[in-house]
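One structure is given here, and the rest of the page talks about it.
Number of protein chains: 2
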Amino acid sequence: MLLWLKEPDKNFPAQGAHIPKGVNFVGGVCVGDIQEKAGLSQSTVSSYLNMMQKAGLLESFRYGQWTYYRRNEDTIQALAEEIRTNI
Amino acid sequence: MLLWLKEPDKNFPAQGAHIPKGVNFVGGVCVGDIQEKAGLSQSTVSSYLNMMQKAGLLESFRYGQWTYYRRNEDTIQALAEEIRTNI
DNA sequence: TTGACATATCGAGAAATCCCGATATACAAT
DNA sequence: ATTGTATATCGGGATTTCTCGATATGTCAA
Chain Y
500 MLLWLKEPDK NFPAQGAHIP KGVNFVGGVC VGDIQEKAGL SQSTVSSYLN MMQKAGLLES
560 FRYGQWTYYR RNEDTIQALA EEIRTNI
Chain U
500 MLLWLKEPDK NFPAQGAHIP KGVNFVGGVC VGDIQEKAGL SQSTVSSYLN MMQKAGLLES
560 FRYGQWTYYR RNEDTIQALA EEIRTNI
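Just so you know, the protein sequences line up as chains Y and U, in that order. Counting in the working numbering, the first sequence runs from 500 upward without gaps. Counting in the working numbering, the second sequence runs from 500 upward without gaps.
Structure (structure tokens):
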């Protein structure tokens, strides 16, 4: 999922249909689309995304009944760097 | 264990008492010393080390009844780099 | 307010991983 | 040959992770 979210346009249908005007949350993908691509149950995908958000790897914004997730590049890169230097 | 093996001198007793003259395997630590430090059973540690060796993260050499393991920096660094660039 | 939809949470079975004791193997010293 | 020591392998119980269906929560539209 993390890798898919590197290229949302390539891996998911166009997003933002339910995002209100004036809001800026580029690169976010709603749970349903991620779930469909993953082929896992809705509950599984929802909880994975939630975990990754709590871990800081993703950030999420809710618009109405939709929740959009996108990568938090800062923490992802920090983690990658941490691994690379300390492993 | 991987991290301990970054600094064998610091984390383990002096090695090489059973390594024959003329052989060059610096930085290797025998299973028994790793097991003692880990506080896990002998079988567990042995199998972990074996797995890591099969995965390419460690290399091992046997001298008599002793097996010495040390880090394979090349593959470890390659893995780290792979993670950093593709995550 | 009711019904429909998107997502979140809960409880639990299936599968994988962790880790052990018992035993096998390999080598060294007697 | 036999014994002792270091490591490897095997079988299985305990724990954790994975994943699901059922249900709850929140939101929109009629």
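Glycine included, C-beta positions come from ideal geometry on N, C-alpha and C. What you are looking at is a predicted structure, and each value in this text was computed from that prediction instead of being measured.
Under a three-way DSSP split, which group does residue i fall into?
| i | result |
| --- | --- |
| Y:Leu501 | coil |
| Y:Val528 | strand |
Under 7 Å Cβ to Cβ from residue i, same chain only, skipping five residues before and after it: list those, please.
| i | result |
| --- | --- |
| U:Gly527 | Gln514, Phe560, Tyr567, Tyr568, Arg569 |
| U:Gly555 | Asn571, Thr574 |
| U:Leu557 | Leu548, Met551, Tyr568, Arg569, Arg570, Asn571 |
Ends of the alpha helix (DSSP H) at residue i?
| i | result |
| --- | --- |
| Y:Ser545 | 541 to 553 |
Would you give the residue range spanned by the beta strand (DSSP E) that residue i belongs to?
| i | result |
| --- | --- |
| Y:Glu558 | 557 to 562 |
When the distance is taken between beta carbons, is residue j closer than 8 Å to residue i?
| i | j | result |
| --- | --- | --- |
| U:Trp565 | U:Cys529 | yes |
| U:Ile582 | Y:Ala577 | no |
| Y:Tyr562 | Y:Pro507 | no |
| U:Gln552 | U:Gln541 | no |
What does a CB cutoff of less than 6 Å around residue i pick up in its chain, not counting 5 residues either side in sequence?
| i | result |
| --- | --- |
| U:Ala537 | Val544 |
Just to check, is the beta-carbon of residue i closer than 7 Å to a non-hydrogen atom of the ligand GTP?
| i | result |
| --- | --- |
| Y:Ala577 | Although the ligand GTP was asked about, the structure shown includes no ligands whatsoever. |
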